[in-house]
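Residue numbers (the numbering used here): 1 to 187. Quick reminder that beta carbons are idealized off the backbone N, C-alpha and C, glycines included. What follows is one structure encoded as structure tokens, with my remarks underneath.
Now the structure itself:
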């Protein structure tokens, strides 16, 4: 079946449809390199914006490389993902985890801060890692303003609770309760 779609790709009348079908096939087969190549070809058609899926294909290839023990290739693929789609929070999160594994908490915190800008929906996943980094760097107090902004941007319950914990440690339990109640009233 794949050979038929490949052949139809050469026919200008069917090229877009054939490439779309090939992309689906390569995704189902988890052939991420071929999926990237096909998606890149598809982008020449009007209205085809495939930066997001291409970045995720690079992330898949990064995970494969990391599972094979190839840290260099894994990092390179994650950086390619960000090159294709600077808003790829998945790539930034994975880079941060690699940095943390290597003890580079400053660089990990930079990647995690980037996640908050890329996609606030990933804040709940990034937040505990960022908290760990800031703790290791002796900068936990600096988290409060960042988390306050994330909560204002609707980062989710886990970020609100983390903020409440920090506020409680700094200002007392009553302030932490007040913060949680304010958030409950907003929603």
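Measuring straight from C-alpha to C-alpha, what distance separates residue 123 and residue 88?
Taken atom to atom, the span from the alpha-carbon of residue 123 to that of residue 88 is near 13 Å.
Is the segment 162 to 170 close to the segment 126 to 144, with three or more CB pairs under 8 Å?
yes
The segment 60 to 80 / the segment 43 to 50 touching (three or more Cβ pairs under 8 Å):
no
Can at least three beta-carbon pairs, one atom from the segment 130 to 138 and one from the segment 106 to 118, be found at a separation below 8 Å?
At 8 Å Cβ cutoff, the stretches touch.
Using only the alpha-carbon positions, how far apart do residue 26 and residue 91 sit?
Between residue 26 and residue 91, the C-alpha separation is close to 21 Å.
Other residues of its chain near residue 65: CB distance less than 7 Å, five sequence neighbours each side excluded
73, 74 and 77
Give a yes or no on whether the C-beta atoms belonging to residue 180 and residue 162 are separated by under 8 Å.
Not closer than 8 Å, so no.
Limits of the alpha helix (DSSP H) - the one that residue 109 falls within
105 to 118
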